[in-house]
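Trainee: Next up is a structure, given as structure tokens.
There are 2 protein chains.
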Amino acid sequence: MHSYTEENYLKAIFNLSAEKGEVSANEISVQLKLKMPTVNSMMKKLAVKKLVHYESYKPIKLTEKGKKEASLIIRKHRLTEMFLVQKMGFGWEEVHEIAEQIEHLQSPIFFERIDALLGYPKIDPHGSPIPDKTGKMEWIKYEKLSSCKAGDTVRLAAVIHTTDEFLKFLNIRGLQLGLKIKIKFVEKFDSSMIVSYNKSNTEMLSETECERLLVEKI
Amino acid sequence: MHSYTEENYLKAIFNLSAEKGEVSANEISVQLKLKMPTVNSMMKKLAVKKLVHYESYKPIKLTEKGKKEASLIIRKHRLTEMFLVQKMGFGWEEVHEIAEQIEHLQSPIFFERIDALLGYPKIDPHGSPIPDKTGKMEWIKYEKLSSCKAGDTVRLAAVIHTTDEFLKFLNIRGLQLGLKIKIKFVEKFDSSMIVSYNKSNTEMLSETECERLLVEKI
DNA sequence: GATTTATGTTAGATTTGTCTAAGTTATAAT
DNA sequence: ATTATAACTTAGACAAATCTAACATAAATC
């Protein structure tokens with residue numbers, strides 16, 4: 013179908029344009045660690061294949077076709093991450109790199125089997141939604157922890173902008189999805205929070221950290 | 013390390029030269045479905061990398077380094093096949109194609125985990141030995157079923173020159189590794205055999221089929 | 001509004017892995 | 001032993017994906 017390389021572009025564009033619906037060529041080049049002319053020529057190629065809307069000097073958007081293709085790759089990525097955690101005993105901080113490779117496998121039966129063995133999961137180990145077979149994906153509307161107030165009690169639902177380091181940071185503090193967290197205090201000048209959970213733990217979380225934690229109010 | 017393409021050449025050369033210790037460029041081109049000049053230029057490249065011994069108009073041999081690299085890819089392939097069968101419920105006829113892709117993953121922890129989850133298996137689902145981490149592999153010296161005589165009782169130990177079709181053929185007849193088989197009769201003119209197993213089954217196996225079944229005498 | 005800076009584009013080179021066409025060497029057949 | 005066939009090599013072309021250098025446009029700043 014599409015090359016490994018094209019798939020990586022589609023995924024990058026999808027992720028980078030998640031909020032605004034469009035990306036600059038520059039952002040893509042930073043994300044994929046490629047030079048701008050490389051991105052430029054790939055955009056022309058993807059435009060010919062009707063995967064992106066591309067006009068000179070304008071931001072890049074995925075077409076409907078492009079979005080679907082990207083979603084299906086992300087589906088494979090997230091199913092794989094879930095399988096690695098649930099069935100192979102990996103930590104949530106170990107799975108990204110492996111899934112980056114497995115997501116490109118061309119084998120519908122392989123991913124169908126993973127899906128079935130996992131019981132058709134709706135979210136991945138980081139709380140991100142897994143697109144369905146048609147490429148549809150729905151983000152449940154969680155709040156950022158950073159937007160909560162002192163006194164709120166919330167449940168940790170997802171981690172965004174995950175890096176191995178941040179996930180290890182959460183591991184050390186015993187912070188995992190589903191955990192009930194009580195916000196004790198919000199520092200005025202830097203928006204850091206004092207939170208408690210698991211009956212005994214009390215921790216300070218910086219604003220950056222709170223921006224990356226999605227929660228649902230209880 | 014080495015490219016996906018180079019890995020496929022190494023594996024092909026390893027498999028094709030298993031018996032004689034050397035291969036012709038022509039055999040490689042047939043195996044990989046590539047034209048001869050393509051193979052020729054790759055041989056020069058692999059020779060520069062000290063992975064093969066190559067001299068004009070002479071058969072191709074893997075160097076020790078080349079053998080080790082090839083064995084480690086085959087190790088990943090066979091571990092993967094075992095995992096797909098034992099842990100994911102695939103049939104032995106379904107796993108080759110998937111393992112062909114997974115064998116190229118660059119992730120030592122992934123294959124170490126597979127190995128551990130399987131309990132460090134020594135053979136794959138088709139009875140082929142799995143090389144160890146240093147690339148060493150030992151074929152237990154099985155006999156071909158075709159070399160056995162009427163009256164012999166044997167245990168099915170491995171299937172060689174496997175194709176999906178042949179494995180499905182065995183599935184239909186309930187022939188699986190470990191099975192005790194009694195040779196009832198050997199037809200003189202075509203070397204086909206009448207065998208019985210599982211108390212009730214009696215089947216005729218052609219010479220070609222018997223050549224592909226490795227057994228140990230009981 | 002003019003100028004500087006950041007972003008985007010074009011042109012052309014490079015690497016990898018493939019091909020076809022043409023020529024060379026070895027092997028098989030008469 | 002000569003010839004015919006099969007196997008191998010060389011030369012040169014091509015596509016994919018990358019790069020650098022030079023140029024063009026848009027955005028930001030003064």
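Respectively, the protein sequence lines represent chains A and B.
Here the working numbering is used: the first residue of the first sequence is 13, the next is one more, and so on.
Here the working numbering is used: the first residue of the second sequence is 13, the next is one more, and so on.
The beta carbon of each residue, even a glycine, is placed where N, CA and C say it ideally should be.
(1) Is the region 124-135 of chain B close to the region 97-107 of chain A, with three or more CB pairs under 8 Å?
(2) Could you pull out every residue in the same chain whose Cβ sits closer than 6 Å to the Cβ of residue 194 of chain B, ignoring the five residues on either side in sequence?
(3) Looking at the C-beta of residue 123 of chain A, does it have a partner C-beta in chain B at a distance below 8 Å?
(4) Of all the CB atoms in chain B, is at least one closer than 8 Å to the CB of residue 106 of chain A?
(5) Closer than 6 Å by C-beta to residue 157 of chain B: which residues in its own chain qualify, once you throw out the five before and the five after it? Chain order, please.
(6) Alpha carbon to alpha carbon, how far is residue 34 of chain B from residue 84 of chain B? Give it in angstroms, no decimals.
(7) Nearest to residue 81 of chain B by alpha carbon, out of B/133, B/186, B/143?
(8) Over what stretch of residues does the beta strand (DSSP E) that includes residue 34 of chain A continue unbroken?
(9) Are the C-beta atoms of residue 119 of chain A and some chain B residue less than 8 Å apart?
(10) On the three-state DSSP scale, how would you describe residue 213 of chain B?
(11) Quick one: which chain B residues come within Cβ less than 8 Å of residue 113 of chain A?
(12) Which residue comes first and which comes last in the alpha helix (DSSP H) that contains residue 111 of chain B?
(13) Whole angstroms are fine: how far does the CA of residue 148 of chain A sit from the CA of residue 205 of chain A?
(14) Go ahead and pull the three-state DSSP assignment for residue 155 of chain A.
(15) With 8 Å set as the bound, which would you pick, yes or no: does the beta-carbon of residue 54 of chain A sit closer than that to a beta-carbon of chain B?
(16) Flag this pair as yes or no: are the beta carbons of residue 71 of chain B and residue 107 of chain B separated by less than 8 Å?
(17) As an exercise, report each continuous beta strand (DSSP E) stretch of at least 3 residues that is fully enclosed by the region 115-174 of chain B, in chain order.
(18) Going by other Cβ atoms of all chains shown within 10 Å of its Cβ, with 16 needed for buried, is residue 94 of chain B buried or exposed?
(19) So the candidates are B/57, B/32, B/28; which of them puts its Cα closest to the Cα of residue 17 of chain B?
(20) Which value, in whole angstroms, describes the spacing of the CA atoms of residue 217 of chain A and residue 105 of chain A?
(21) What residue range does the alpha helix (DSSP H) around residue 63 of chain A cover?
(22) Residues bridged to residue 228 of chain A by DSSP?
(23) Chain A partners of residue 110 of chain B, CB-CB under 9 Å?
(24) For a contact defined as C-beta to C-beta under 7 Å, what are the partners of residue 100 of chain A on chain B?
(25) Measuring only the C-alpha atoms, how far is residue 30 of chain B from residue 153 of chain A?
(26) Quick one: Cα of residue 19 of chain A to Cα of residue 199 of chain A, how far?
Mentor: Per the coordinate set shown:
(1) yes
(2) On the second sequence, position 182 is the one that residue 194 of chain B refers to. Excluding positions up to five away in sequence, the list reads 165, 208.
(3) The residue given as residue 123 of chain A occupies position 111 in the first sequence. No, its Cβ sits nowhere closer than 8 Å to a Cβ of chain B.
(4) For the purposes of this step, residue 106 of chain A is taken as residue 94 along the first sequence, with counting starting at 1. Yes, because at least one Cβ of chain B sits closer than 8 Å to the Cβ of residue 106 of chain A.
(5) For the purposes of this step, residue 157 of chain B is taken as the residue at position 145 of the second sequence. Within the same chain, residue 157 of chain B has close Cβ partners 222, 225, 227.
(6) Within the second sequence, residue 84 of chain B is the residue found at index 72, counting from 1. Within the second sequence, residue 34 of chain B is the residue found at index 22, counting from 1. C-alpha separation (whole angstroms): 19 Å.
(7) Here residue 81 of chain B refers to the residue found at position 69 when the second sequence is read from its first residue. Checking every option, the nearest Cα to that of residue 81 of chain B belongs to B/143.
(8) For the purposes of this step, residue 34 of chain A is taken as the residue at position 22 of the first sequence. Where residue 34 of chain A is concerned, there is no enclosing beta strand (DSSP E), given that its DSSP letter is neither H nor E.
(9) As a position in the first sequence, residue 119 of chain A is number 107, starting the count at 1. It does: the Cβ of residue 119 of chain A has a partner Cβ on chain B nearer than 8 Å.
(10) Here the question's residue 213 of chain B lines up with position 201 in the second sequence. Residue 213 of chain B falls in the strand class under three-state DSSP.
(11) Counting from one through the first sequence, the residue named residue 113 of chain A turns up at place 101. Per Cβ cutoff of 8 Å: 117, 118, 119.
(12) One-based indexing of the second sequence puts residue 111 of chain B at position 99. It spans 107-114 - the alpha helix (DSSP H) in which residue 111 of chain B sits, taken as one unbroken run.
(13) The residue labelled residue 205 of chain A in the question sits at position 193 within the first sequence. The residue labelled residue 148 of chain A in the question sits at position 136 within the first sequence. Going by the C-alpha atoms only, they are around 35 Å apart.
(14) Here residue 155 of chain A refers to the residue found at position 143 when the first sequence is read from its first residue. Residue 155 of chain A: strand per DSSP, three-state reduction.
(15) Here residue 54 of chain A refers to the residue found at position 42 of the first sequence. No, because no Cβ of chain B sits closer than 8 Å to the Cβ of residue 54 of chain A.
(16) The count along the second sequence starts at 1 and reaches residue 71 of chain B at position 59. The count along the second sequence starts at 1 and reaches residue 107 of chain B at position 95. Their beta carbons are not under 8 Å apart, which means residue 71 of chain B does not touch residue 107 of chain B by this criterion.
(17) Every unbroken stretch of the beta strand (DSSP E) spanning 3 or more residues and falling wholly within the region 115-174 of chain B is given here in chain order: 165-171.
(18) Numbered from its first residue, the second sequence carries residue 94 of chain B at position 82. Classification of residue 94 of chain B: buried, given that the 10 Å Cβ count is 16 or more.
(19) In the second sequence, residue 17 of chain B corresponds to position 5, counting from 1. Residue 17 of chain B has its Cα closest to that of B/57, out of B/57, B/32, B/28.
(20) Taking the first sequence and counting its residues from 1, the one referred to as residue 217 of chain A is at position 205. Taking the first sequence and counting its residues from 1, the one referred to as residue 105 of chain A is at position 93. Each residue's alpha carbon lies about 19 Å from the other.
(21) Here residue 63 of chain A refers to the residue found at position 51 when the first sequence is read from its first residue. Counting along the chain, residue 63 of chain A falls outside any alpha helix (DSSP H), and DSSP gives it neither H nor E.
(22) Taking the first sequence and counting its residues from 1, one reaches residue 228 of chain A at position 216. DSSP output for residue 228 of chain A lists A/167 as bridge partner(s).
(23) Taking the second sequence and counting its residues from 1, the one referred to as residue 110 of chain B is at position 98. Near residue 110 of chain B (Cβ distances below 9 Å), the residues of chain A are 117, 119, 121, 122.
(24) Against the first sequence, residue 100 of chain A aligns to sequence position 88. Chain B residues near residue 100 of chain A: 125, 129.
(25) As a working mapping, residue 30 of chain B is identified with position 18 in the second sequence. As a working mapping, residue 153 of chain A is identified with position 141 in the first sequence. If you take the alpha carbons of residue 30 of chain B and residue 153 of chain A, they lie about 58 Å apart.
(26) For the purposes of this step, residue 19 of chain A is identified with residue 7 of the first sequence, where counting begins at 1. For the purposes of this step, residue 199 of chain A is identified with residue 187 of the first sequence, where counting begins at 1. Straight-line measurement puts the Cα of residue 199 of chain A at about 43 Å from the Cα of residue 19 of chain A.
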